[in-house]
Each structure stands twice: as C-alpha cells, then as structure tokens.
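These notes are about the structure you will find just below.
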Amino acid sequence: MSRYRIPGMGRVDPAAPVSFTFDGRRYTGLRGDTVASALLANGVHLMGRSFKYHRPRGPVSAGSEEPNALIGTSRGPGRFEPNTRATVQELRQGLVTESQNKFPSLKFDIGAVNDRAYMLFSAGFYYKTFMWPRSFWDKVYEPFIRAAAGLGKSPTEVDPDEYASRYLHTDVLVIGGGASGIAAALVAARSGARVVLVDENAEMGGSLLSDPSVRIDGRGSWAWLAEQLSQLRAAGVRVMTRTTAIGYYHQNFVGLCERLTDHLDQPPHGAPRERMWRVRAEQVVLAQGALEKPLVFDGNDRPGVMLAGSAQTYLNRYGVKVGDCAAVVTSHDSAYYAAFDLVDAGGRVTVIADTRDQVRPDLAEAARRRGIQLLTGHTVTTTYGRLRIKGVRVNPVKGGQVGAGRKIACDTLLMSGGWTPSLHLFSHTKGSLTWDADSRTFLPNHKTEACQIAGAGRGLWGYGPVIEDGVKAGMAAAEALGRTGTAFGAGVEGDRPGTGVSQKELPTDLSAGKAKAFVDYQNDVTAKDIRLAVREGMRSIEHVKRYTTNGMATDQGKMSNINGLMIAADALGKQPPQVGLTTFRPPYTPTSFGAFAGYHKGATFELTRKTPIDPWAEAQGAVFEPVSLWRRAWYFPKGGEDMHAAVARECRATRASVGMFDASTLGKIEVAGPDAVEFMNRMYTNPWTKLAPGRCRYGLLLGEDGFIRDDGVIGRLSQDLFHVTTTTGGAARVLNMMEDYLQTEWPDLNVWLTSTTEQWSTVAVNGPNARKVLEPLVEGLDMSDANFPHMSVAECTVAGLPARLFRISFTGELGFEINVPARHGLALWKAIHEAGRAYDICPYGTESMHVLRAEKGYIIVGQDTDGTVTPQDAGLDWAIGKAKKDFVGKRSLDRPDIVAPNRKQLVGLITEDGTRLEEGAQIVLDPNQKTPMTMAGHVTSSYDSVALGRPIAMAVITGGHNRMGETVHIPMPNGTIRAKVTSTNFYDPEGERLKA
C-alpha cells in the first residue's frame with residue numbers, strides 16, 4: 001500500500017482493491033475511491049494541462065466543482081467520454097482513463113510554450129489579433145484556431161449506451177444530502193408528506209463524511225448519519241444518491257440527472273447509464289451547502305495546491321494523505337481544522353500563513369500544540385516547482401506593505417479563501433440575491449418559487465446551526481402543505497464554527513504584469529486579466545466575464561465568480577453589489593447529451609404516434625406515410641394495385657357511394673369558460689358570438705404578421721364550450737400560441753385550454769350514402785337534412801358509444817365526422833365498416849383525401865400556404881369578420897405590402913396537354929425570356945382526378961386572381977408545359993353534393 005494511504009481511515013473498502021489505468025499506466029485504488037483520490041493515494045498529483053497556457057494542473061477540489069482534473073474515460077467500444085471530472089468519477093475494475101490537452105505527453109507538453117509567451121495571450125487577445133494580413137485568415141489563422149479549440153477529444157463512435165427518463169410528483173423535494181438536508185427531509189416526512197431527498201454524491205452526508213470527529217447526540221457523526229438515513233427510509237423517504245439537480249425551473253419543476261451504472265464493474269445488460277428525472281414538487285428545500293473559494297496568488301495553480309476542505313475530504317472520506325509536508329494559507333478558520341486533522345492522522349504541516357492579523361486564541365493554541373508554526377498577517381507571493389509544488393514563499397504584510405519573503409519547503413499547499421453559498425439552483429428561479437457585508441458574499445433574498453433554503457446555502461456555519469436550520473426548513477415546507485412538522489434538536493460536541501474574510505488577489509511583491517495569479521483555472525484567467533478588462537472599458541461583470549472568459553468554464557464559475565467579482569470591484573473602485581453577479585444557468589454541472597435525449601435515439605429518436613385504428617389498417621395491408629409524428633394509412637392496395645390504381649379506386653368509390661377515413665390525427669382543443677367566445681373572437685378571423693350551440697364554422701388562424709398559421713372546423717357545443725380542430729401538424733403549435741396569448745396578453749379572460757387530440761378517435765364518413773350507413777348506428781339524433789344540416793354538431797350515441805357527431809366535409813360530398821373516446825375508436829371503425837358493406841364502403845387513405853379535397857379547392861396549410869400567404873391570397877377573405885374590431889393579425893392585413901395587387905395568390909391550373917405537373921415546379925409568364933427567368937410562382941398541389949378525368953393542380957401565382965383564363969408556363973427538363981389559370985374549385989362548384 002502507498003505511503004499516502006492511511007490505514008483505518010476513510011470510508012473506502014481496504015479489502016476490495018480496484019485496478020485501473022491512467023495514461024496507459026496501471027494503478028490500484030480501493031472500492032469507494034474516485035479516480036482523483038486513487039491517483040493521489042498513488043502519489044500522482046499531475047492529472048492534466050490547462051486550456052490556454054497548457055500549465056500542469058492537479059485536482060484543486062474533491063467534488064463536482066473541479067476545474068483542473070478533467071480526464072477522458074473509456075468504458076469500452078463507443079463508450080469514451082471527455083472532460084470527466086476525476087474528482088467525481090468513481091473507480092471500477094478495468095476503468096481506462098487518460099489526461100487531456102497535451103502533446104506528446106502529460107509531463108512534456110510542447111503546448112506549454114504558450115506559458116512562456118503569455119504576454120501574447122492577455123485578456124481579449126482573440127478580439128485584437130488574427131486581423132492582419134487578411135489573406136492569412138483562411139489558410140493560417142482559422143485552421144490554427146479550429147485545431148486549438150475545445151478541451152478533450154470528441155467521441156467519434158455511436159454511443160451504445162441506453163438512457164432513461166421518468167416523471168415524478170412529490171410533496172417535498174430536498175436537494176442536498178448533508179446535515180441540513182437530512183434534517184429537513186426527516187421533519188417533512190414525519191408530517192406525512194411524500195419526500196424525495198437527492199444528492200450528487202455516492203453517499204448521503206455532505207460535509208459530515210469529511211468530519212468524523214464531530215459528535216452529534218453523543219455519537220460520532222458517521223453513526224448519527226447512519227441512524228438518520230435509517231429513519232428516513234423507515235419514514236418512506238425516497239433517497240437518491242448519485243443524482244444531481246441540474247436545473248430549477250418555473251412552478252417548482254426540477255430536472256434531476258441520476259448516474260446509474262458508471263460505477264459498476266459489470267453493468268447489467270440493457271441497464272440505462274443515466275436517467276433524467278423531471279420532478280414537480282409542491283415544496284423544494286435547497287440545502288446544497290457552500291463551496292470553498294481558492295485564494296488568488298502567483299502560482300496558485302501548481303499541482304499540489306488545493307483547497308483545504310478538499311484535502312480534509314481526501315483524508316477523512318478516502319483515507320488519503322495528499323502530501324508528506326504541507327503548508328497552509330488561509331483567510332478563514334476552516335483551514336485550521338483541515339490542518340489539525342492532517343497532523344492528527346500522522347501527517348506534517350509546517351506552517352499556517354493567515355492573511356488576518358488576529359485569529360481565535362483556541363485555534364492558535366491548537367496549532368501550537370501540534371507543532372504548526374502560525375504566521376498571522378502574512379501573504380503567499382509565489383510557489384515553486386514544475387510538475388509539483390516544492391515550496392512556497394510567504395511574506396509579512398503591514399500597513400498594506402509587503403515585507404521580505406522567505407521560502408518554505410512543502411509538497412502540498414492547502415488554501416482557503418472562505419466559503420460561498422451554492423446559489424446556482426436558486427438563481428435559476430430568478431430569485432434575487434442580497435450582498436452580506438459581514439461575510440462579503442451574496443445570500444438568497446426574495447424567492448420566486450415555493451422553496452425553502454437551509455444551512456450553509458444561506459450563509460450559516462457549524463453543524464449545530466445548520467441542523468437547526470434544516471429542521472426549520474422542513475417544518476416550513478410541511479406547514480405550506482397544510483401539515484404539522486415536529487421539531488427535534490441535535491446536541492453537537494466538538495462543532496467547528498468558523499469565520500473569515502474575503503480577499504481579492506493576495507498582496508504581492510511581484511510585478512503586477514508578471515504575477516500569474518489564477519482566478520479561473522480552466523480558462524487560465526488571471527487577476528491581471530480582469531484588471532486589464534476593466535482598463536479597456538468593461539464596467540459590467542457580465543462584460544468582464546465575456547471579455548476574459550472568467551466563469552465560462554465547465555464549472556460555471558463555481559470557484560472563480562466571487563474572486564473575479566472582488567477583483568473587478570476593486571479595479572472599478574466600487575462595492576461588489578454595484579458591479580453585480582453573473583447569471584447562473586442550467587445545467588448545474590455538465591450533463592451528457594444522452595441524459596437529455598433519453599429514449600429518443602435510433603428507432604425511437606422521434607416518437608411514432610399511431611391511432612387506435614392503425615392495427616386494422618395494417619392488417620388490411622395499408623401502405624403508411626409519416627405525417628408530423630403520426631403514422632397514417634396512405635392508401636389501401638388490393639390485388640397487386642400500385643398507388644395510382646389504389647387511389648383512383650378509393651376516390652371513385654367514395655364519390656359513387658361512400659368512403660371512410662381515419663381522421664383521428666387531427667388536432668383537437670377544448671376551449672372552455674365564461675369568456676370562451678371572447679377568446680375565440682380574438683384568436684380567429686371569424687366572428688363567433690352569434691354562432692349557436694350545435695353549429696360549426698370554418699376557423700382561420702393568423703399570426704401577428706397576417707399570414708395563415710392554421711385552419712379547421714370548430715363546433716360550439718354550449719355557450720361556454722368550443723371543440724376546436726386543427727391541422728395534424730399544427731396541434732401543438734396552435735395550443736402553444738393560444739396559451740401564449742391567454743397567459744401574456746389576455747390574463748383577464750376566464751378560459752381553460754385542454755389538448756384532447758389523443759382523447760378522441762375520429763372517423764370521417766363521406767359520400768352520397770354516408771347518411772344511410774350511419775343512421776342505423778345513431779341514437780338520440782334525427783340526422784335528416786332539415787334537422788341536422790351541413791355544419792352542425794351534436795352529442796349523441798353512435799354504435800352504442802358516446803360521441804360528438806359533426807356534419808362536415810373535406811371532400812365536397814355529404815360528410816360526417818364521428819368523435820368517440822379513443823379507447824373505442826377501433827370498435828367504432830369496425831361497426832361503421834360492417835354497416836357500410838351493403839353500400840360497398842371503401843376505406844381510403846391520406847392520398848385519396850388529398851385528391852378529394854383538391855378537387856373542391858380546399859387548402860392544406862403548409863402545402864398550399866408557405867408562411868407568406870394571407871386569407872386574401874388564398875381566396876379566404878370571406879372568412880374574415882368584417883365587423884370585428886380586432887383579432888390576431890388584423891392590423892397586419894392593412895399593410896400596403898399585404899394588399900398589393902401583385903402578391904402571389906392561390907389559383908387552379910389545368911394543363912393543355914393533360915400532363916400532371918410536379919409539385920414545387922416553378923411557373924413563368926414568358927417562356928422566351930432570358931435566363932435567369934423571373935419566377936411568377938410555383939405549383940403547390942397536383943393530382944390525377946378520376947372524377948374530372950384529367951390532372952388538376954393548385955398554385956400560387958403573382959396576381960393570380962386577375963389572371964383567370966390566362967396561360968402560364970412551367971419550364972421542365974423535357975420541355976415547357978402550358979397551363980390555364982382557373983378557379984381552385986374544380987368539382988361541383990355549386991356545392992349541391994353536400995346536400996345529398
């Protein structure tokens with residue numbers, strides 16, 4: 001065993017060695033190690049190179065905030081992942097890892113020449129270089145920049161892993177499994193609430209895992225922790241480890257990413273690697289704790305320089321001594337406890353340099369007893385060493401002046417600049433922050449969501465106070481749910497309270513232009529870079545961030561934001577809250593694309609939606625086509641028919657007798673409420689006030705630009721209830737548009753919108769014999785033309801099923817659409833099909849539907865419109881309520897360009913030689929003009945019409961409505977086709993067949 005592994009310490013299993021490789025060399029760790037702790041146990045601190053300067057780097061932290069120790073990991077073919085945090089990746093047998101951003105090797109990286117030429121790479125250099133000569137851009141600068149961009153190697157193989165996703169509803173979601181979060185979860189659970197407790201680590205416990213010497217209720221902290229977790233499970237709490245809350249969204253919606261198998265030696269076959277949880281909670285408790293800040297001084301990035309709290313974690317949780325001879329520099333009491341634990345475990349700490357002039361007497365005495373030299377009022381001005389720290393120079397500071405320094409040998413330097421509450425998730429909610437002048441940090445202030453904040457996450461320190469605060473948060477969450485929580489106390493012995501001061505960069509005796517005091521480790525942003533940004537005119541912290549890239553690394557500024565803010569504020573001569581804080585955005589930690597994609601990969605990349613009638617169509621040999629996300633029957637071939645023959649037969653049968661069509665995919669929205677009619681008046685071009693219950697109307701929906709967005713037939717079922725149909729592909733878009741207007745423009749309207757697309761199965765029956773087929777199946781309704789005329793709707797019973805029956809037609813024939821609950825859709829279809837046998841009923845598909853509607857000139861939004869077609873262009877100006885004061889898009893209809901006579905307008909086309917036109921073919925007015933020709937429009941729809949005995953087409957043509965009878969020309973590869981401009985209504989223009 002390595003001399004850095006301390007027997008009997010940590011929560012790792014000494015009886016379970018785990019073999020892994022790093023850069024091709026084999027190492028051994030223990031079960032429970034991370035890659036970082038295992039490498040440190042083997043004396044390896046050098047784990048990577050920085051992005052810009054290629055400086056040698058080792059772990060500076062022990063958690064997910066790690067900016068330095070980013071490695072590539074391989075779990076087999078296709079399972080390579082770059083930028084994995086070595087401090088988070090758990091060890092498992094055979095794990096293959098490699099360092100990044102180096103060539104040819106980690107110890108000898110030629111990219112380190114950038115470090116020597118650092119003066120060329122100051123803040124914002126990319127805005128000021130690569131400008132001259134211009135001819136160098138394509139051949140020199142751009143290839144160089146592209147080759148240097150990125151961190152780590154992008155995977156090149158298809159990811160073979162599975163990813164899962166689930167939804168979860170709970171009363172209380174507690175984020176953070178430390179002392180405060182556990183207390184909150186226990187109180188809430190005992191009130192009878194459903195509680196979920198999540199933590200990103202492999203174990204619950206938070207900082208308790210790094211502090212076994214603290215005693216709570218007369219027991220060691222680990223024993224207390226085990227008992228609390230047992231009580232949580234007994235109370236029914238769902239405890240989720242390895243689960244990161246990546247985002248906190250509106251209405252207490254939280255995204256969780258659970259790591260399922262990355263830690264397993266042999267994952268079960270087919271088991272998902274990660275699972276994305278979408279959680280909706282009545283109450284959220286944020287107990288995420290606080291993050292330790294590094295100090296900013298020259299050489300603070302050298303391998304072996306790390307946070308004091310992280311060294312304490314490696315020691316007490318993993319049983320790893322991070323060095324043989326440590327020095328400490330701090331501005332906070334917490335570093336003393338890390339030093340004491342290290343000495344008590346047999347390690348050596350030569351000196352504690354404290355930037356403060358005065359420290360607590362008990363800490364000074366404890367240091368003296370352990371033989372640690374204490375230097376108050378001191379700063380660190382530089383470190384020594386190449387691939388590992390070998391020494392540190394400390395200098396006294398008096399009256400703001402830095403005195404002469406002395407070099408102290410060490411192989412590890414522990415630092416602490418104090419602690420910053422973890423505010424990321426709270427900031428996702430747009431909650432406001434307040435600056436605490438005493439602790440010199442931001443704290444949560446005004447809340448926008450139903451959440452409680454507990455423990456170190458709101459600036460408290462010490463186990464006693466955070467447990468008490470967790471209890472209060474749990475009780476507040478329970479009370480908000482109408483429940484009563486029961487408080488409990490926890491007696492803490494040997495608590496470790498602490499205070500400190502926040503620093504900008506530490507005072508130094510070095511030249512300001514030469515000191516490499518790093519603020520953002522991953523992006524190589526130094527204190528002088530931030531000061532340069534201020535000198536060059538950056539006044540907002542957001543501008544400083546973008547100019548220097550401070551806080552833009554994969555840790556999202558967890559370790560750099562506050563230090564950067566303090567330096568920028570000092571350079572501006574302002575207080576930190578006057579400069580502001582950068583915006584935290586989800587995800588909280590880097591999250592795999594696979595976790596977001598979930599099941600959406602390969603054959604399930606897009607969901608294939610099927611109607612209840614789909615199995616019947618498949619059994620009948622239907623050929624299918626994708627329409628939006630739906631699979632729809634395209635046509636029903638018989639006896640070796642091709643598509644042309646099948647469609648001709650279906651159209652002929654429907655016009656001659658009766659046909660049936662699965663229209664279940666049409667979008668359906670219920671608009672309900674006292675203000676439903678007013679809402680409809682504002683959304684659609686048509687008037688709705690005088691539409692009586694039991695009647696229908698064609699509805700036309702515009703965008704604010706006045707262009708057609710959607711259409712459909714709308715039935716009024718009662719005074720305050722409308723059944724709205726939309727196009728198949730427009731269902732979600734229309735609902736979103738309605739919700740947007742209802743929530744943001746007209747919140748005063750008392751209206752509810754409900755998507756019912758999948759709640760209703762719809763069968764359309766069309767043809768002269770449609771009524772004869774349906775009449776025997778309909779109960780409670782007189783279907784005669786006098787009682788149930790065209791454009792009527794009624795609720796009745798069809799084939800013994802509750803139904804909404806519409807008399808409408810998309811074919812020009814007598815037509816009905818029957819809506820029944822989706823679970824009864826197939827039964828309805830079979831009943832109608834059986835009843836129609838006497839009339840040779842013919843099921844038809846989407847292609848025949850297109851032909852039948854085109855014969856009547858009915859448009860399909862998205863095919864005969866292209867986002868620039870107005871109602872006037874489409875010949876639908878009759879659908880505009882002339883007396884209406886307003887509706888969406890009304891004002892745009894009066895724009896000069898909208899009413900211009902030369903707009904492209906929808907017309908019909910009939911070719912002179914009987915040729916069927918190609919959809920999308922371009923149209924010109926003069927075929928003899930020089931190329932490039934002026935295009936007058938294009939063909940939108942084109943079909944062979946059995947009813948008319950010739951092909952027909954629809955097209956948009958410049959000034960088309962005034963060109964009736966004119967001849968236009970369609971240039972094609974085999975010659976130019978002549979076509980006559982006609983009305984779009986080719987068949988039964990008087991509409992007599994609707995009254996059959």
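Residue numbers are given in the working numbering: position 788 of the sequence shown equals residue 788, and the series is strictly consecutive.
Backbone N, C-alpha and C define an ideal beta-carbon position, used for all residues, glycine too.
Computed from a prediction, not measured in an experiment: that's the story for all the values here.
Outcome for residue i when other beta-carbon atoms lying within 10 angstroms are tallied against a minimum of 16
| i | result |
| --- | --- |
| H54 | buried |
| P160 | exposed |
| T967 | exposed |
| A437 | exposed |
| D33 | buried |
| P507 | buried |
| T313 | buried |
| G715 | buried |
| R146 | exposed |
Residue j beta carbon less than 8 Å from that of residue i
| i | j | result |
| --- | --- | --- |
| L481 | D469 | no |
| T73 | Q89 | yes |
| F986 | G908 | yes |
| E912 | S942 | no |
| L906 | G875 | yes |
| M415 | N300 | yes |
| G391 | T383 | yes |
| P687 | K558 | no |
| R302 | G206 | no |
| L717 | V793 | yes |
| T486 | R190 | yes |
| Y27 | A38 | yes |
| L315 | G457 | no |
| T728 | G712 | no |
| A69 | G48 | yes |
| L208 | G178 | yes |
| K516 | T526 | yes |
Residue i versus residue j - alpha carbon distance
| i | j | result |
| --- | --- | --- |
| R273 | H600 | 14 Å |
| F605 | R278 | 19 Å |
| K930 | I952 | 29 Å |
| A646 | V851 | 12 Å |
| T1041 | R546 | There is simply no residue 1041 to check, as the chain begins at 1 and stops at 996 in what is shown. |
| P768 | A732 | 34 Å |
| H938 | P927 | 14 Å |
| F707 | T870 | 5 Å |
| G825 | A663 | 11 Å |
| V471 | Q283 | 15 Å |
| H428 | Y248 | 6 Å |
| R134 | F144 | 15 Å |
| Q575 | S560 | 18 Å |
| A116 | K407 | Note that residue 116 corresponds to Arg in the displayed sequence, not to Ala. Going by the C-alpha atoms only, they are around 24 Å apart. |
| A188 | M475 | 6 Å |
| I246 | Q522 | 21 Å |
| Y1025 | A281 | In the structure as shown, the chain begins at 1 and stops at 996. Residue 1025 is therefore absent and cannot be evaluated. |
| V501 | P294 | 12 Å |
Any C-beta of chain B under 8 Å from that of residue i
| i | result |
| --- | --- |
| G181 | No chain B is present in this structure, which holds just one protein chain. |
Taking contact to mean 3 or more Cβ pairs, one atom from each stretch, closer than 8 Å, check whether the segment 206-226 and the segment 544-551 are in contact.
Flag = no, the segment 206-226 and the segment 544-551 do not touch.
For the segment 285-327, which segments carrying the alpha helix (DSSP H) assignment without a break, of at least 4 residues, lie completely within its bounds, in sequence order?
Whole alpha helix (DSSP H) segments, 4+ residues: 308-318.
Which full runs of the alpha helix (DSSP H) of 4+ residues lie inside the segment 498-559, going along the chain?
Here the runs fully enclosed are 527-535 and 541-548.
Measuring CB atoms only, is the segment 216-228 touching the segment 246-258, in the sense that at least three cross pairs come out at less than 8 Å?
Flag = no, the segment 216-228 and the segment 246-258 do not touch.
Any chance the segment 816-824 sits against the segment 748-766, with 3 or more Cβ pairs inside 8 Å?
These segments touch.
Touching by the beta-carbon criterion (3+ pairs, under 8 Å), the segment 404-423 and the segment 236-246
Touching, no, given that fewer than three Cβ pairs across the two stretches are closer than 8 Å.
Can we say the segment 305-323 touches the segment 56-63, given the rule of at least three CB pairs closer than 8 Å?
Contact between the segment 305-323 and the segment 56-63 is present, because at least three Cβ pairs lie under 8 Å.
Extract the residue ranges of the beta strand (DSSP E) inside the segment 369-414, only unbroken runs of 3 or more that lie entirely within it.
Counting only runs of 3 or more residues that sit fully inside the segment 369-414, the beta strand (DSSP E) segments are 373-376, 378-384, 391-398 and 406-409, in chain order.
Three or more C-beta pairs closer than 8 Å, one from the segment 751-760 and one from the segment 769-779: is that the case here?
Verdict: no, contact absent.
Taking 8 Å as the cut-off, does the segment 839-850 touch the segment 629-637 (at least 3 CB pairs, one atom from each stretch)?
Yes: the two stretches touch, three or more of their Cβ pairs being nearer than 8 Å.
Count Cβ pairs between the segment 490-507 and the segment 15-26 that sit closer than 8 Å; are there 3 or more?
At 8 Å Cβ cutoff, the stretches do not touch.
Quick check: the segment 888-900 against the segment 688-707, are there 3 or more CB pairs under 8 Å?
Taking a cut-off of 8 Å for Cβ pairs, the segment 888-900 and the segment 688-707 touch, as three or more such pairs fall below it.
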